[in-house]
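Colleague:
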Amino acid sequence: MNLDDLTSEYADIEKRLSDPAVHADQAEARRLGKRYAELRPVVEAARDLTAARADAETARELAAEDPAFAEEATQLDGRIEELEETLRRLLVPRDPNDDKDVILEIKAGEGGEESALFAGDLLRMYLRHAERIGWKTEIIDAQPSDLGGYKDVTVAVKSRPSTDGVWARLKYEGGVHRVQRVPATESQGRIHTSAAGVFVMPEAEDIDVQIDPNDLRVDVFRSSGPGGQSVNTTDSAVRITHLPTGIVVSCQNEKSQLQNKEQALRILRARLLAAAQEEADAAAAAERKSQVRTVDRSERVRTYNFPENRISDHRVGYKAYNLDHVLDGDLHNVIQALVDADMEHKLAQAT
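Numbering-wise (our numbering), the sequence shown opens with residue 4 and increments by one.
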């Protein structure tokens with residue numbers, strides 16, 4: 004869609020939103036409002052560019068009689084270049100899931116108990132990062148380890164109203180995260196390397212994924228804590244198997260079987276949406292760096308080096324020596340490096 008079409012669409016939506024009848028359908032009103040917010044920066048940048056070009060032309064005409072206007076024309080030319088670049092970036096096709104919330108899973112991998120402790124560190128990092136931004140978090144399911152880490156933990160992360168979705172930022176976190184440090188379990192002071200896997204999925208709504216109850220096998224069992232001991236005297240934990248795909252989801256965090264089933268279905272919808280998108284994107288898979296499916300130390304996207312206080316993202320060559328701040332939730336610069344690299348890649352493909 005070209006700029007004229009987008010401008011026309013913006014004007015049409017603006018007109019429709021001023022009609023009280025449209026707001027009788029709340030879902031349609033939200034859809035229009037969301038699209039209106041997406042188009043506003045594009046239209047405003049286009050208007051600013053048109054105005055700057057007109058002003059620059061006027062300044063050049065006046066400069067023929069009064070040289071004092073030549074400097075103004077030069078400044079406006081610089082402003083035009085900035086606006087053209089801004090508009091070029093705004094017109095890059097947007098990820099349709101960028102406004103979605105996410106389901107984030109952290110799984111301990113190679114490294115035994117140390118990997119589970121690192122998974123706990125990653126969980127705290129993401130929770131602190133969300134707190135800094137104002138996102139809401141909810142631990143949906145967790146399997147703690149004996150020493151206080153996590154074998155597996157699933158978190159829902161929701162954005163604030165009227166802001167970019169969580170997926171727009173956290174989608175880059177998927178992959179194997181490797182840690183290098185002296186473990187609490189190591190008595191000789193030797194540096195060990197272990198890993199944990201981070202899996203990020205856009206949270207699916209009912210409208211995104213339809214699940215046929217006949218395609219589900221639901222099993223119930225008793226919740227268990229560290230070491231496998233039972234923490235509940237009733238069969239409140241739920242395991243759901245999606246028969247057509249073989250995807251299995253379990254949840255035991257809530258006290259009631261119904262609540263655990265609802266949370267498990269929430270995770271299942273996200274996994275089915277992710278699977279459907281992965282299948283749809285298969286043709287372009289060679290050009291995209293997908294999230295790894297194994298938690299192997301050699302297949303890492305990021306390394307957390309404690310002795311050097313260093314954080315390294317291997318996909319874009321990012322490196323900084325503020326690991327302590329990053330683990331405390333200061334992830335902005337790390338993620339921004341990935342956002343910028345992704346944008347440059349898209350711009351290169353568009354030219």
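Yeah, the Cβ is synthetic: ideal placement off N, Cα and C, and Gly gets one too.
Apart from the five residues just before and just after residue 246, which ones in its own chain have a Cβ nearer than 8 Å to its Cβ?
Modeller: Answer for residue 246: 218, 219 and 220, listed in chain order.
Colleague: From what residue to what residue does the beta strand (DSSP E) around residue 178 run?
Modeller: Here the beta strand (DSSP E) through residue 178 covers 178–184.
Colleague: Just list the residues that DSSP pairs residue 204 with in beta bridges.
Modeller: Answer is 106.
Colleague: With a 10 Å radius around its C-beta and 16 neighbouring C-beta atoms as the bar for buried, classify residue 69 as buried or exposed.
Modeller: It is exposed - the Cβ of residue 69 has fewer than 16 other Cβ atoms within 10 Å.
Colleague: Strictly by DSSP, which residues pair up with residue 142?
Modeller: Note: residue 142 sits in a beta bridge opposite 158.
Colleague: Residue 205: which of 162, 215 and 226 sits nearest, CA to CA?
Modeller: Minimum Cα distance to residue 205 is reached at 162.
Colleague: Would you mind reading off the limits of the beta strand (DSSP E) that contains residue 220?
Modeller: It spans 219–224 - the beta strand (DSSP E) in which residue 220 sits, taken as one unbroken run.
Colleague: Should residue 243 and residue 268 be called a contact, given that it needs their Cβ atoms to be closer than 8 Å?
Modeller: Cβ atoms of residue 243 and residue 268: closer than 8 Å.
Colleague: Can you tell me whether residue 14 is buried or exposed? The criterion is at least 16 other CB atoms within 10 Å of its CB, across all chains shown.
Modeller: Exposed.
Colleague: Give the single residue among 113, 238 and 52 whose Cα lies nearest to the Cα of residue 91.
Modeller: Answer by Cα proximity: 52.
Colleague: Out of curiosity, what's the CA-to-CA distance linking residue 153 and residue 182?
Modeller: Using only the alpha carbons, I get a separation of about 15 Å.
Colleague: Tell me the residue span of the beta strand (DSSP E) that contains residue 321.
Modeller: 321–323 is the extent of the beta strand (DSSP E) around residue 321.
Colleague: Secondary structure at residue 245, three-state DSSP: helix, strand or coil?
Modeller: In this structure, residue 245 counts as strand in the three-state DSSP scheme.
Colleague: Would you mind reading off the limits of the alpha helix (DSSP H) that contains residue 314?
Modeller: No alpha helix (DSSP H) contains residue 314, which is instead part of the beta strand (DSSP E) from 313–316.
Colleague: Note down the Cα distance separating residue 348 from residue 96, rounded to an integer number of angstroms.
Modeller: The alpha-carbon atoms of residue 348 and residue 96 are separated by roughly 12 Å.
Colleague: Applying the 10 Å Cβ sphere with the 16-neighbour rule, what's the burial state of residue 225?
Modeller: By the neighbour-count rule (16 or more Cβ atoms within 10 Å), residue 225 is not buried but exposed.
Colleague: Can you grab the Cα-Cα spacing for the pair residue 23 / residue 101, in whole Å?
Modeller: Those two C-alpha atoms are separated by around 29 Å.
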